[in-house]
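Per this note's numbering, the very first residue in the sequence shown carries number 177; after that it's consecutive.
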Amino acid sequence: FVGKNGEGKSTLVKCIMNEIDHDGTLTLGHNVQIGYFAQNQASLMDENLTVFQTIDDVAKGEIRNKIRDLLGAFMFGGPEESMKKVKVLSGGERTRLAMIKLLLEPVNLLILDEPTAVLTPQETDKLFAILRKMKEQGCAIIIITHKLHEVLSISDRVTILRKGRSIDTVNTSECNEKKLTELMVGRPVSLNIERPEMEKRDTILKVVDLTVDKSDGSIALDDVSFEIKTGEILGVAGVAGSGQKELCETLTGLMTAKKGAILYHKENIVGKTPAEIIKLGISMSFVPEDRLGMGLVASMGMVDNMLLKSYTEGKGPFVERKPARELAQKLVEKLAIVTPGVDTPVRLMSGGNVQKVLLGREIESSPQVLITAYPVRGLDINSSYTIYDLLNEQKKKGVAVIYIGEDLDVLLELSDRLMVLCHGKVTGVVDAKTVTKEQIGLMMTGAEAAEAMKETSGQELSAEQDKIPEPISEEEEKA
Numbered sequence: 177f178v179g180k181n182g183e184g185k186s187t188l189v190k191c192i193m194n195e196i197d198h199d200g201t202l203t204l205g206h207n208v209q210i211g212y213f214a215q216n217q218a219s220l221m222d223e224n225l226t227v228f229q230t231i232d233d234v235a236k237g238e239i240r241n242k243i244r245d246l247l248g249a250f251m252f253g254g255p256e257e258s259m260k261k262v263k264v265l266s267g268g269e270r271t272r273l274a275m276i277k278l279l280l281e282p283v284n285l286l287i288l289d290e291p292t293a294v295l296t297p298q299e300t301d302k303l304f305a306i307l308r309k310m311k312e313q314g315c316a317i318i319i320i321t322h323k324l325h326e327v328l329s330i331s332d333r334v335t336i337l338r339k340g341r342s343i344d345t346v347n348t349s350e351c352n353e354k355k356l357t358e359l360m361v362g363r364p365v366s367l368n369i370e371r372p373e374m375e376k377r378d379t380i381l382k383v384v385d386l387t388v389d390k391s392d393g394s395i396a397l398d399d400v401s402f403e404i405k406t407g408e409i410l411g412v413a414g415v416a417g418s419g420q421k422e423l424c425e426t427l428t429g430l431m432t433a434k435k436g437a438i439l440y441h442k443e444n445i446v447g448k449t450p451a452e453i454i455k456l457g458i459s460m461s462f463v464p465e466d467r468l469g470m471g472l473v474a475s476m477g478m479v480d481n482m483l484l485k486s487y488t489e490g491k492g493p494f495v496e497r498k499p500a501r502e503l504a505q506k507l508v509e510k511l512a513i514v515t516p517g518v519d520t521p522v523r524l525m526s527g528g529n530v531q532k533v534l535l536g537r538e539i540e541s542s543p544q545v546l547i548t549a550y551p552v553r554g555l556d557i558n559s560s561y562t563i564y565d566l567l568n569e570q571k572k573k574g575v576a577v578i579y580i581g582e583d584l585d586v587l588l589e590l591s592d593r594l595m596v597l598c599h600g601k602v603t604g605v606v607d608a609k610t611v612t613k614e615q616i617g618l619m620m621t622g623a624e625a626a627e628a629m630k631e632t633s634g635q636e637l638s639a640e641q642d643k644i645p646e647p648i649s650e651e652e653e654k655a
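Quick look at the structure:
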């Protein structure tokens with residue numbers, strides 16, 4: 177299933193799951209066991225359990241071995257990774273863990289809602305290999321996704337939804353990305369990302385030897401150094417959990433560095449709270465990875481969420497809501513946000529529309545530095561290009577933009593320079609116009625892993641892929 181945000185994809189799945197009332201007829205065969213994955217499942221896990229404990233309640237023998245294989249496939253393979261507690265995992269790592277739990281269930285109808293939103297290309301390949309094996313064993317699989325190249329790679333047929341209606345169902349082998357985009361949007365869409373060239377650029381933020389510990393005492397960032405200039409988009413690439421979350425939160429004063437400096441026009445802001453940073457006259461906006469946990473209040477409407485950014489202490493006991501309401505209405509029109517009204521709780525919006533609310537609010541505060549963590553995650557292709565345009569508008573205004581992303585093609589097209597993180601270390605800062613995706617992929621794995629990959633033959637890589645575990649059968653689960 178593909179379609180723009182708010183067009184009915186997740187609602188259709190809820191109908192299949194009998195979670196909401198619906199008209200018409202929906203027939204399931206006998207003894208259908210449904211497995212369902214959605215991004216919000218990542219927030220339902222016990223935070224005090226380790227990664228391994230989360231999925232290893234009573235598993236023994238061969239099943240336990242398959243669990244270890246799945247952990248390795250999704251980059252939880254080593255003892256250090258599998259013993260991490262859920263509470264220290266990034267949003268992406270939690271989602272990957274929720275995915276592993278689902279793949280261990282014996283099901284004959286598997287429904288995946290944006291399963292690859294936080295997966296690396298390598299993890300996506302391994303997931304798709306598992307799904308193909310499940311298909312061969314007779315499992316029916318429904319995937320909802322915005323990544324059209326993945327639709328073309330994994331699916332047999334694709335249904336396009338627009339405004340709650342089924343526009344068409346086509347054979348994937350007879351389709352291409354351009355045709356799917358036009359069916360989704362209803363008109364031709366250019367798939368080129370602009371990268372305007374800015375002539376005069378000055379360093380606005382310089383990070384020197386930044387070291388940050390996680391809450392469990394392990395190192396999140398290890399002697400990280402880089403700088404960003406006005407009118408520049410600095411892309412940040414890396415496997416999920418490589419220090420992206422801690423970098424964002426340290427730059428914005430939400431985490432404290434163990435050592436190092438963050439120089440804003442030579443003013444060191446390390447150790448300062450967000451309020452202290454604001455008092456220095458520094459205007460910094462942050463679009464976090466966790467939209468409803470950190471960025472917005474889920475139970476509030478757009479108006480009240482706009483007030484969260486504009487209201488400060490010392491304004492007296494009364495709050496002027498009119499400017500916030502006008503801003504909310506402006507964003508609805510400018511970003512085509514789909515919502516019943518600006519006072520409707522944002523938790524009732526689709527994920528893409530929630531992201532538009534958050535990014536729109538942060539941009540409208542006129543920042544000098546804009547930090548964005550996965551700003552197009554879960555957005556349809558049309559909305560994603562709207563976001564790219566908004567970021568380029570900020571760049572043209574002289575704003576320094578840090579763009580943390582997972583789509584390497586987008587990072588290479590949108591960014592001026594690209595910084596790669598691996599296990600909390602910077603493995604390279606390169607010119608996005610000249611570096612290749614393959615080079616970035618090697619830097620994401622670290623220098624030693626990169627050398628190992630160069631020496632590995634295609635035959636050996638193929639053999640390694642054959643080690644991807646089979647899904648657990650019903651008989652094994654009972655055992």
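No residue lacks a Cβ here, since even glycine has one placed at the ideal position from N, Cα and C.
Judged by DSSP in its simplified three-state form, S461 adopts strand. S342 sits in a strand when the DSSP states are folded into three classes. Sequence-distant partners of K339 (beyond 5 residues in either direction) whose C-beta falls short of 7 Å from its own C-beta, in its chain, are E183. Here L285 has V208, I210 and A316 as same chain residues with Cβ atoms under 6 Å from its own Cβ, once five neighbours each way along the sequence are excluded. Listed in chain order, the non-local C-beta contacts of F228 below 6 Å within the same chain comprise S258, local neighbours out to five positions each way being set aside.
Note that the region 495-514 touches the region 472-486; at least 3 beta-carbon pairs, one per stretch, sit closer than 8 Å.
In the structure shown, L594 adopts extended strand secondary structure according to DSSP, grouped into three states. Here I409 is bridged, per DSSP, to V577. Sorting I196, D583, D197 and K242 by C-alpha distance to the C-alpha of A416 places D583 at the top.
Excluding the 5 residues flanking it on each side, L225 has same chain C-beta neighbours closer than 8 Å at K261 and V262, in chain order.
Excluding five sequence positions before and after E281, the CB atoms of its chain that fall closer than 6 Å to its own CB belong to G211, given in chain order. Cβ contact annotation for K435 (same chain, cutoff 6 Å, sequence separation greater than five): T387, in chain order. Under the Cβ criterion (8 Å, minimum of three pairs), the region 448-466 counts as touching the region 542-551. In the displayed model, Y212 falls within a strand according to three-state DSSP. Ranked by Cα distance from G528, the first of R553, G604 and L359 is R553. Buried is the label assigned to I380, since at least 16 other Cβ atoms lie within 10 Å of its Cβ.
Listed as beta-bridge partners of N444 by DSSP are L439. Under the three-state reduction of DSSP output, S401 falls in the strand class. Assignment of D565 by DSSP, reduced to helix, strand and coil, places it in the helix class. The C-alpha of D607 is placed about 12 Å away from the C-alpha of K613.
Annotation: the continuous alpha helix (DSSP H) that includes A451 extends over P450 to K455. Within the region 468-520, the runs of alpha helix (DSSP H) that reach at least 4 residues and sit entirely inside it are, in chain order, 478-486 and 498-510.
Contact between the region 396-407 and the region 347-354 is absent, with fewer than three C-beta pairs closer than 8 Å.
Just measuring C-alpha positions, the residue of E425, P464, V522 and N368 sitting nearest D585 is N368.
I196 counts as exposed, since fewer than 16 other C-beta atoms from the protein chains shown sit within 10 angstroms of its C-beta. In the same chain as G600, and ignoring 5 residues on each side of it, the C-beta atoms closer than 6 Å to its own belong to I395, A396, L397, D398 and G419, in chain order. In this structure, the alpha-carbon of Q531 lies about 12 Å from that of A512. DSSP places T203 in the coil class of the three-state scheme, outside both helix and strand. Straight-line measurement puts the Cα of M275 at about 30 Å from the Cα of L427.
The C-alpha of R244 lies about 12 Å from the C-alpha of L273.
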